[in-house]
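These protein sequences, in sequence, are chains A, B, C and D.
To convert, note that position 61 of the first sequence is 61 in full-length UniProt numbering; the numbers rise steadily by one, no gaps.
To convert, note that position 19 of the second sequence is 19 in full-length UniProt numbering; the numbers rise steadily by one, no gaps.
To convert, note that position 53 of the third sequence is 53 in full-length UniProt numbering; the numbers rise steadily by one, no gaps.
To convert, note that position 101 of the fourth sequence is 101 in full-length UniProt numbering; the numbers rise steadily by one, no gaps.
Before any comments, here is the structure.
There are 4 protein chains.
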Amino acid sequence: MKSNEWEVIKAAKEAGIPDPGFEIDKNTAIVITDPQNDFLRSDGVAWPIVKESVKENNTIENMSQVFKLAQENGIKVFISPHYFFPTDKGWKFGGALEKFMHSKEMYMRKGRLNMEGFENSGADFLDEFKQYLEKDNIILCNPHKIYGPQNSDLSLQLRKYKVQKVLMAGMSTNLCLESHTRQLLEEGFEVAVIADASGSAKLPGLDTFKGALMNLRMITSHIFTTEEFKEALNEAKL
Amino acid sequence: MKSNEWEVIKAAKEAGIPDPGFEIDKNTAIVITDPQNDFLRSDGVAWPIVKESVKENNTIENMSQVFKLAQENGIKVFISPHYFFPTDKGWKFGGALEKFMHSKEMYMRKGRLNMEGFENSGADFLDEFKQYLEKDNIILCNPHKIYGPQNSDLSLQLRKYKVQKVLMAGMSTNLCLESHTRQLLEEGFEVAVIADASGSAKLPGLDTFKGALMNLRMITSHIFTTEEFKEALNEAKL
Amino acid sequence: MKSNEWEVIKAAKEAGIPDPGFEIDKNTAIVITDPQNDFLRSDGVAWPIVKESVKENNTIENMSQVFKLAQENGIKVFISPHYFFPTDKGWKFGGALEKFMHSKEMYMRKGRLNMEGFENSGADFLDEFKQYLEKDNIILCNPHKIYGPQNSDLSLQLRKYKVQKVLMAGMSTNLCLESHTRQLLEEGFEVAVIADASGSAKLPGLDTFKGALMNLRMITSHIFTTEEFKEALNEAKL
Amino acid sequence: MKSNEWEVIKAAKEAGIPDPGFEIDKNTAIVITDPQNDFLRSDGVAWPIVKESVKENNTIENMSQVFKLAQENGIKVFISPHYFFPTDKGWKFGGALEKFMHSKEMYMRKGRLNMEGFENSGADFLDEFKQYLEKDNIILCNPHKIYGPQNSDLSLQLRKYKVQKVLMAGMSTNLCLESHTRQLLEEGFEVAVIADASGSAKLPGLDTFKGALMNLRMITSHIFTTEEFKEALNEAKL
Numbered sequence: 001m002k003s004n005e006w007e008v009i010k011a012a013k014e015a016g017i018p019d020p021g022f023e024i025d026k027n028t029a030i031v032i033t034d035p036q037n038d039f040l041r042s043d044g045v046a047w048p049i050v051k052e053s054v055k056e057n058n059t060i061e062n063m064s065q066v067f068k069l070a071q072e073n074g075i076k077v078f079i080s081p082h083y084f085f086p087t088d089k090g091w092k093f094g095g096a097l098e099k100f101m102h103s104k105e106m107y108m109r110k111g112r113l114n115m116e117g118f119e120n121s122g123a124d125f126l127d128e129f130k131q132y133l134e135k136d137n138i139i140l141c142n143p144h145k146i147y148g149p150q151n152s153d154l155s156l157q158l159r160k161y162k163v164q165k166v167l168m169a170g171m172s173t174n175l176c177l178e179s180h181t182r183q184l185l186e187e188g189f190e191v192a193v194i195a196d197a198s199g200s201a202k203l204p205g206l207d208t209f210k211g212a213l214m215n216l217r218m219i220t221s222h223i224f225t226t227e228e229f230k231e232a233l234n235e236a237k238l
Numbered sequence: 001m002k003s004n005e006w007e008v009i010k011a012a013k014e015a016g017i018p019d020p021g022f023e024i025d026k027n028t029a030i031v032i033t034d035p036q037n038d039f040l041r042s043d044g045v046a047w048p049i050v051k052e053s054v055k056e057n058n059t060i061e062n063m064s065q066v067f068k069l070a071q072e073n074g075i076k077v078f079i080s081p082h083y084f085f086p087t088d089k090g091w092k093f094g095g096a097l098e099k100f101m102h103s104k105e106m107y108m109r110k111g112r113l114n115m116e117g118f119e120n121s122g123a124d125f126l127d128e129f130k131q132y133l134e135k136d137n138i139i140l141c142n143p144h145k146i147y148g149p150q151n152s153d154l155s156l157q158l159r160k161y162k163v164q165k166v167l168m169a170g171m172s173t174n175l176c177l178e179s180h181t182r183q184l185l186e187e188g189f190e191v192a193v194i195a196d197a198s199g200s201a202k203l204p205g206l207d208t209f210k211g212a213l214m215n216l217r218m219i220t221s222h223i224f225t226t227e228e229f230k231e232a233l234n235e236a237k238l
Numbered sequence: 001m002k003s004n005e006w007e008v009i010k011a012a013k014e015a016g017i018p019d020p021g022f023e024i025d026k027n028t029a030i031v032i033t034d035p036q037n038d039f040l041r042s043d044g045v046a047w048p049i050v051k052e053s054v055k056e057n058n059t060i061e062n063m064s065q066v067f068k069l070a071q072e073n074g075i076k077v078f079i080s081p082h083y084f085f086p087t088d089k090g091w092k093f094g095g096a097l098e099k100f101m102h103s104k105e106m107y108m109r110k111g112r113l114n115m116e117g118f119e120n121s122g123a124d125f126l127d128e129f130k131q132y133l134e135k136d137n138i139i140l141c142n143p144h145k146i147y148g149p150q151n152s153d154l155s156l157q158l159r160k161y162k163v164q165k166v167l168m169a170g171m172s173t174n175l176c177l178e179s180h181t182r183q184l185l186e187e188g189f190e191v192a193v194i195a196d197a198s199g200s201a202k203l204p205g206l207d208t209f210k211g212a213l214m215n216l217r218m219i220t221s222h223i224f225t226t227e228e229f230k231e232a233l234n235e236a237k238l
Numbered sequence: 001m002k003s004n005e006w007e008v009i010k011a012a013k014e015a016g017i018p019d020p021g022f023e024i025d026k027n028t029a030i031v032i033t034d035p036q037n038d039f040l041r042s043d044g045v046a047w048p049i050v051k052e053s054v055k056e057n058n059t060i061e062n063m064s065q066v067f068k069l070a071q072e073n074g075i076k077v078f079i080s081p082h083y084f085f086p087t088d089k090g091w092k093f094g095g096a097l098e099k100f101m102h103s104k105e106m107y108m109r110k111g112r113l114n115m116e117g118f119e120n121s122g123a124d125f126l127d128e129f130k131q132y133l134e135k136d137n138i139i140l141c142n143p144h145k146i147y148g149p150q151n152s153d154l155s156l157q158l159r160k161y162k163v164q165k166v167l168m169a170g171m172s173t174n175l176c177l178e179s180h181t182r183q184l185l186e187e188g189f190e191v192a193v194i195a196d197a198s199g200s201a202k203l204p205g206l207d208t209f210k211g212a213l214m215n216l217r218m219i220t221s222h223i224f225t226t227e228e229f230k231e232a233l234n235e236a237k238l
């Protein structure tokens, strides 16, 4: 699909909101948030609330396509996963969805130095993505803890590889993807989003993908679809 | 008004999203973003795009009420303003609304050490608020530069006053207020929002207040209206 | 020993540098950096350069004592470890000791999700400390990557446990301990140091422990020895 | 002078500490901390404690030379000043030198939006530097508040100008210059220091310049003297 098939993108254009554009070059990397079972597998903790958006966007196929295109074009992909550990249960306060995640044991692992039970758990990566994750272009980062990368090493990893421009994809659009986007902007990265390689909660009266798309259109340099990203690679200076 | 008059808040309740609640105590402060003419005065650069939301929410009266209640109850208010300076025009890239703000000279000042022309400019505070701003409970912070407080001293100021819990208000809901909220959460503050003491862009097909309200309901501990904030003060442990 | 047996501490007192003091209370936690074999075991990568300081300070016994006193008094201990992973070898630049650490494969692990070969490696914790590490008062954090906690979740973990005051200990005094101290100060923590539960490189013409002690005395609220820390616990409000 | 005239630099070489080197290119900028009267003018609050080091290093002439060379070569200079405001007196805790600075009203200004009494005050820039400060290559940043740039917009300003490599100079070596250096390293900047365009407290038993030089030699990519910086410009890729 094309990004202008989204009403929000059309409306933004009609409203005259600038669209700075985003040129993919050798200092560009992809950041993928939460490519994990608890969002994307049918028995995942958050699947019931994101499945409608994931199906509409064709998120899993598009994320796979992004991984594949990155690998073929030698573009680095930085994975920012979400894990919780037993000591996180001792936290003394938290916002609404933090309460949800903790009550459902979302992304739960046995310990930071304990991989027991990780494989195929809700915290593990979706099987469809695993073929791409062991490749040389993949950098797995420290887990983030709320929604943004402030408490992980993502930004340092990007800078140590001389990355200046970031394409965002992954789950979920209005939470971790958007918080990552907002943080990377404050740190002086140039950011665009591959929006249909993402998805988020859709419940009656709560279309969070639409809400996120408004914000992301306003704060980033450009919104791509996966198809448009693929086309843009033809003109990329890699 | 009551927060449950907003459809989003009703929908969140029906969807079973937890509502952790927020108790106001002596470690609670208010953070107000961008209480400035370029948003809130009829000749302000962004007034045409936010005026509908500002009128619907009764934002100016509610912000004034928040300032007044804070002063009466000895609650500290931290102001996070938005200023641009001539050297910021040299920035080599930026997202969509950064382009908008720079092209319109929004929040523009002559220099960091130059107050010439500031008074009553778009960067100055709204006249209605000035009676509250010279009081002892007000701490004015370094300006933020994109949307969040990452490049200001807001968080340090809060911590140096032993603040652990924050009530957010100010302009605009989906940009600076939301980015401040997201950052404060990552830094381990407990955060709630006084949502109708805020407002944001509303354009055909782009109701950013509604979008922000979804996100804020999901990530913070509670959504207040100004009226509910006033009621909550009766039970506050100050 | 007493802190005033250190020349630097005496000199600071004579110079009239203020000593704000540090009262241990229920919002106080201990942060320990790098309690790992590569620093503290005789075959560790950095042992040859820190051993003199470690012996002089009696660092291992003092760190053990700090762990023991914390456990007995119910004080939380946050561990900030240092790990490198294979992808970190791809970093395109680094300072002098980053080069040293990478060339020596200091703190090396096989992968973030791979514990193979970790046990008893240079990256593992010193055996003497392991009896304390599985206890309820221990929170292990994401690894830091250069010297400070900016790229870990230490600060969030502290805040989520409502910690406002921090006692620093661990390796090495002028690098990770000092960078942690400096960062925690900027984030609005009140910080003191248990200086002889630490140690650092000592080479001809380069007494880094002494250098660090000067800085730490100037920037923190107080310098304790382990003995003084033990005494202070008698008056602590826990 | 040459950097190898410093004992610490000689000792580091003899100890085999790597010296990665630092090539000046078009993505390189200079960051100068606290070029202000309270450090560098004979009636400045901190002059009595830094004057010995400032004279030994020829700091004022060297800082002037750095400003001049930057201007001649079109290298951007980012100034990170230190200011305190009346509300900062309400801070509820602080480390030793924070107490010192507040008690002496160091860097004091009347308000963030009040320039009254600023000119020629301790917070103002040293007269010798003013001829360079109004030029196009100068970017003045938000003030820092403790010692590092974490609560200013320095890092964002650098990134918005696509700066990846930083040369540090300014006052004082072991406090603001070193905290800036440590923070910039954690954010993935490549950092070197022009060490004799800096100076710091020197009191009986407390040679903080020497202590800082040890740390800076260990954590950065290279230590220049001003003379060596001038020579390096001949081979710079600007």
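Note that the Cβ used here is the ideal one computed from N, Cα and C, for glycine as well.
Contact residues of the stretch 81 to 92 of chain C toward chain A are Thr87, Gly90, Trp91, Lys92 (C-beta to C-beta distance below 7 Å).
Within the stretch 97 to 121 of chain D, not one residue has a Cβ closer than 8 Å to any Cβ of chain A. For alanine 232 of chain C, the secondary structure class from DSSP, reduced to helix, strand or coil, is helix.
Shortest Cα-Cα distance from asparagine 62 of chain D to any of D:Arg217, D:Ala169, D:Gly44, D:Cys141 involves D:Ala169. Following the DSSP letters along the chain, one finds lysine 89 of chain C in no beta strand (DSSP E), marked with neither H nor E.
Between isoleucine 60 of chain A and the set A:Glu72, A:Phe22, A:Lys76, A:Ile32, the nearest pair of CA atoms involves A:Ile32.
Methionine 106 of chain B carries a coil assignment under DSSP once its states are collapsed to helix, strand and coil. Looking at the DSSP output, aspartate 25 of chain D sits in a beta bridge with D:Lys237. Annotated three-state conformation of threonine 33 of chain B is strand, per DSSP. Here leucine 140 of chain D is bridged, per DSSP, to D:Ile79. Using a Cβ distance threshold of 8 Å, histidine 222 of chain D and glycine 21 of chain D count as a contacting pair.
Taken in chain order, the unbroken stretches of alpha helix (DSSP H) that lie wholly in the stretch 166 to 211 of chain B and span 4 residues or more are 178 to 186. Glutamine 157 of chain D and glycine 117 of chain C have their C-alpha atoms spaced approximately 43 Å apart. Rounded to the nearest whole angstrom, the C-alpha separation of serine 198 of chain B and leucine 206 of chain A is 20 Å. Residue D:Met218 holds the alpha-carbon nearest to the alpha-carbon of aspartate 19 of chain D among D:Met218, D:Glu235, D:Glu228, D:Thr226. Boundaries of the beta strand (DSSP E) around phenylalanine 224 of chain A: 222 to 224. Here glycine 148 of chain B is near glutamate 186 of chain A, since their CB atoms are less than 8 Å apart. Methionine 63 of chain A: member of the alpha helix (DSSP H) spanning 59 to 73, first to last residue. Contact annotation: leucine 216 of chain C and glutamate 178 of chain C have beta-carbon atoms nearer than 8 Å.
Against chain D, a Cβ distance below 8 Å from isoleucine 139 of chain B picks out Thr87, Gly90. By the rule that beta-carbons nearer than 8 Å mark a contact, proline 48 of chain D does not touch chain C. Using a CB distance cut-off of 8 Å, asparagine 27 of chain A does not count as an interface residue toward chain C. Among the CB atoms of chain D, one or more fall inside 8 Å of the CB of valine 191 of chain C. Counting other Cβ atoms within 10 Å of its Cβ, serine 3 of chain A reaches 16 or more and is therefore classed as buried.
In summary, lysine 68 of chain A is exposed, with fewer than 16 beta-carbon neighbours lying within 10 Å of its beta-carbon over all protein chains present. About 7 Å separates the beta carbons of leucine 97 of chain C and leucine 175 of chain C, which is inside the 8 Å limit, making them a contact pair. Among the residues facing chain A, lysine 165 of chain D is not included, as its CB has no counterpart in that chain under 8 Å away.
Lysine 13 of chain A and alanine 46 of chain B have their C-alpha atoms roughly 17 Å apart. For aspartate 38 of chain A, the closest alpha carbon among the candidates A:Asp127, A:Ala11, A:Trp6 is that of A:Asp127. Among the residues facing chain D, valine 54 of chain C is not included, as its CB has no counterpart in that chain under 8 Å away. Check the Cα spacing between isoleucine 75 of chain B and each of B:Met101, B:Ser103, B:Asn151, B:Val163: the tightest is with B:Val163. Under the three-state reduction of DSSP output, asparagine 4 of chain A falls in the helix class.
Taking the Cα of isoleucine 138 of chain B as reference, the smallest distance to any Cα among D:Ile139, D:Met171, D:Gly111, D:Thr226 is reached at D:Gly111.
The three-state secondary structure of asparagine 114 of chain B, taken from DSSP, is strand. Annotation for cysteine 141 of chain C: Phe78, Ile79, Ser80, Pro81, Pro149, Ser152, Asp153, Leu154, Gln157 place their beta carbon closer than 8 Å to its own, counting only its chain and skipping 5 residues before and after.
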